[in-house]
Structure formats: structure tokens, C-alpha cells
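Residue numbers (the numbering used here): 3 to 416. Yeah, the Cβ is synthetic: ideal placement off N, Cα and C, and Gly gets one too. Notes follow the structure.
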């Protein structure tokens, strides 16, 4: 389901609509769930269902669900590119939405932020979009749009081939470049960072092991004995991928990345993310259980990673204490791929309380944070209060505000 809120003329309009994917429409027609769900892959029956559906798909049995790259749920994230809006899930092509204001101003007007005054709002399902046949792989939940060029960086992992596929489109949806990058083995790559010149491919040890379902365990398992690797690739795929190793960890969401210099003046990539030393995916639901056995040190925390392009070295430093785990970082979208001053994060309950509810409520948040990446210090903390909780936060710049040079300053910048 997509939820929309429009603020105009001192009034608010709200609209929610189910994304009418082929899968949803066919399951409504049949009156039952048909396609395999991620949460089923934690039991022998789920493994058997996966193998059966793979065989049935080969003979066209599930064509009514949408076929290849069109059988997903479109329920994870949203994307605006080239005056079009999309709902995303990482097993599928982008699913286009029509955003209408005042009964038909259209998606282009809404996406461009030029909606006329008035409260009317409508969200319509328009269908999957393969960019006029140029997009031949799924798109992850978190593609990147370069605010300077309008380019779209689309990446997705392929469990069958143990690789990621990357495609670069220009502001007018024309394909500019693409590459397949092999991974250590079949792994989840939920998000990735990118700079103005490079795309960074995370090769982190959250591995796809379908045989575990036969033993009642979830098919994605984190292996703490293996290192984390980051591949640096030129945005236009010129040259080879350069790999950097770090101690094992996983990152579900990155803050941002940019081209930088080390303290010694050497060229580097600097990136920030919510780094978890260990992650366990719960068997009875699809969210991650971010604290394992009450171990606060394993929870995700804001961290800085630096990849030295001159000597091949790398470093990781945590920026928030163990008792302040946080996730779902956001920034001003005008700074994607360039130096950013501020980021905003949702923080969890304190470590003790979080450990007690780790298997029930670990994806509910206690409040949100504002962090100054330039000064590397916490500058704001807004708790929801003891009787309230919330989800991830969003950043909306002031109308007409432009990103400030050098990563933003006061006001709404960065």
C-alpha cells in the first residue's frame, strides 16, 4: 500500500491505495495467496514450495502473476526519476504510479513539486516499467538519483548467479552504461552508496543458504567469520572493480558517500551507514532482529568508512555509542553523492529495553536524531516519549530551498 499526504493552502490531503500489481490482482481473483512469501523460507514446507514454483514458472504456470521481473509486491520503497514515480521491491522491475492532484494535474506536476493549491490527491497504479526495454534486471529498494545530472543508478543482486547487476540511466531514461559484478557468493545487497563519480558495491556476509530452510532456519544467514568487502566501480563502468576488505558487518541502509581525501591528502571514498556487527533475521516476520541475545554492541550504529584509493587501505569508525543504536538514515536529497553535513536517523529504545523486546518490537523506534557529519557530533535528539513509538523519519526541505555549497549549513541545508 502507498500512502500519500499533500500539504497545500493550509490544508492536508491524505490518500492510501493498494499497489495493483499483477500478483495482487491474480491473488485477489483466486481468493488466496499463491506466490511464495519471504517469511515462508524458514521451514521445509517453504523450501518445497520454492522448488515447486521454480518448476511451475518454467512452464508458464505463474504467467498470470506477472512473469519474470513482474511478480513482486512493490511494497518496499518509492522512487522519483524523470518526472515519474515508482514503487519498488528488490525482486522486480519498478512499478509506476500516477500521482494526481486536483483531479488530474498528473504525475509530472506532482513529482516536480508544482502541484496547484488545493487538497485533492490520488495515487493510481500504472504498471511495471522496463525503461523501454533497456532495463533487464530488477531494481533494489534504494536506487540513487544524482541531483546534479538527473542520472539514475540502478542496482540489484542476483541470487542465482551470485552477482549484482548495475545500470546507469541519464535524466531522460536513456541507458548510459552497465555491468555485472560477481560477489563472494549469493548475498543480500539491500542498499548501496554512490559518489559523483563512482558506485560502491557492498559484498557483505548476509548469505543466501536455501538448504537451511530444511532445518527450520531462515534462508538468509549472517556469517560473522567472513570479512565485509566493498567494490569501487567507475560510474560509467570504465576500468575494473577495486576491492577493499573490512571486519565482517552488515549495512541495511547507507547515509551517503562522496569523493574525498584522506588526512594525508590521498584520494579516497568516504561513506557513512548504519553498521551492524551481526544481524539475525527473525523467522516469524520479515523485519531484521537487530539485537541478538541482548548484545547492544551488535546493533546498527552510525559509522564512517573510508576507502583509500591510493594505497588500498580501509577503515571503519563508529560515530555513535553502543547505547544509541539507530537506523533508517535520511539526508537532503540534493546532496546525494556529494559532501553532506547533516543526517537524520531513527533511534531505538535503550539497550536494556531493546534487548527485552528484541524478538517482538525491535523495529519500533524511540525517537529521532540529527547528526553533524562534518563535526562528527550529535546535535539533536527528539524522543517520542515513553508511551509513543514511530517509524523512520523523512526530510523535507523548505519550498524553493537549494542545497548550500560544501554540504549545507544552518537552516534546512544538508
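Rounded C-alpha distance that separates residue i from residue j
i: residue 169; j: residue 155; result: 6 Å
i: residue 304; j: residue 31; result: 45 Å
i: residue 384; j: residue 325; result: 16 Å
i: residue 400; j: residue 10; result: 13 Å
i: residue 321; j: residue 72; result: 40 Å
i: residue 396; j: residue 331; result: 9 Å
i: residue 227; j: residue 186; result: 14 Å
i: residue 344; j: residue 218; result: 43 Å
i: residue 362; j: residue 281; result: With a pLDDT of only 44 at residue 362, under 50, the local geometry of the prediction cannot be trusted, and no value is derived from it.
i: residue 216; j: residue 223; result: 14 Å
i: residue 20; j: residue 101; result: 13 Å
i: residue 89; j: residue 175; result: 17 Å
i: residue 146; j: residue 338; result: 8 Å
i: residue 393; j: residue 369; result: 9 Å
i: residue 236; j: residue 323; result: 34 Å
i: residue 389; j: residue 197; result: 40 Å
i: residue 261; j: residue 244; result: 15 Å
i: residue 275; j: residue 82; result: 22 Å
i: residue 272; j: residue 190; result: 22 Å
i: residue 208; j: residue 225; result: 6 Å
i: residue 398; j: residue 333; result: 9 Å
i: residue 135; j: residue 127; result: 20 Å
i: residue 342; j: residue 200; result: 16 Å
i: residue 183; j: residue 340; result: 24 Å
i: residue 137; j: residue 318; result: 34 Å
i: residue 95; j: residue 130; result: 6 Å
i: residue 17; j: residue 380; result: 35 Å
i: residue 212; j: residue 279; result: 23 Å
i: residue 203; j: residue 34; result: 38 Å
i: residue 277; j: residue 210; result: 20 Å
i: residue 151; j: residue 266; result: 30 Å
i: residue 240; j: residue 164; result: 22 Å
i: residue 160; j: residue 374; result: 36 Å
6 Å Cβ shell around residue i - same chain, five flanking residues per side excluded
i: residue 172; result: 153 and 178
i: residue 336; result: 149 and 405
i: residue 313; result: none
i: residue 351; result: 368
i: residue 76; result: 21, 23, 89, 91 and 97
i: residue 206; result: 230 and 252
Range covered by the alpha helix (DSSP H) that runs through residue i
i: residue 26; result: 24-32
Supposed contact pair residue j and residue i - C-beta distance, whole angstroms, cut 8 Å
i: residue 329; j: residue 251; result: The Cβ separation is near 14 Å, so there is no contact.
i: residue 78; j: residue 37; result: Actually they do not touch by this definition, with Cβ atoms about 16 Å apart.
i: residue 259; j: residue 195; result: 4 Å
i: residue 4; j: residue 99; result: 6 Å
i: residue 371; j: residue 387; result: With 8 Å as the limit, residue 371 and residue 387 do not qualify as a contact, their Cβ atoms being about 15 Å apart.
i: residue 327; j: residue 349; result: 7 Å
i: residue 92; j: residue 192; result: 7 Å
i: residue 87; j: residue 15; result: With 8 Å as the limit, residue 87 and residue 15 do not qualify as a contact, their Cβ atoms being about 16 Å apart.
Same chain, Cβ closer than 8 Å to residue i, five either side skipped, listed in chain order
i: residue 263; result: 269 and 270
i: residue 316; result: 232, 246, 247, 248, 307, 308, 309 and 310
i: residue 162; result: 188
i: residue 26; result: 20 and 75
i: residue 12; result: none
Where the beta strand (DSSP E) containing residue i begins and where it ends
i: residue 9; result: 4-10
i: residue 92; result: Segment: none, residue 92 is in no beta strand (DSSP E) and carries neither H nor E.
i: residue 20; result: Per DSSP, residue 20 belongs to no beta strand (DSSP E) and is neither H nor E.
i: residue 83; result: 79-83
i: residue 191; result: Per DSSP, residue 191 belongs to no beta strand (DSSP E) and is neither H nor E.
i: residue 382; result: 379-385
i: residue 337; result: First-last for residue 337: undefined, no H or E at that position.
i: residue 319; result: 316-320
i: residue 209; result: 208-210
i: residue 179; result: 177-184
i: residue 350; result: Element bounds for residue 350: n/a, residue is neither H nor E.
i: residue 388; result: Per DSSP, residue 388 belongs to no beta strand (DSSP E) and is neither H nor E.
i: residue 127; result: 123-130
i: residue 369; result: 369-374
i: residue 329; result: 328-332
i: residue 246; result: 244-248
Sequence-distant residues of its chain with Cβ nearer than 7 Å to residue i (five each side left out)
i: residue 377; result: none
i: residue 238; result: 170, 178 and 179
i: residue 158; result: 92, 139, 140, 141, 142, 166 and 167
i: residue 229; result: 247, 248, 249 and 250
i: residue 366; result: 391
Bridge partners - residue i, DSSP secondary structure assignment
i: residue 271; result: 261 and 309
i: residue 223; result: 209
i: residue 239; result: None, per the DSSP bridge assignment.
i: residue 87; result: 82 and 99
i: residue 163; result: Answer is none; residue 163 lacks a bridge partner.
i: residue 157; result: 168
i: residue 228; result: Partner(s): none; residue 228 has no beta bridge.
i: residue 13; result: 10
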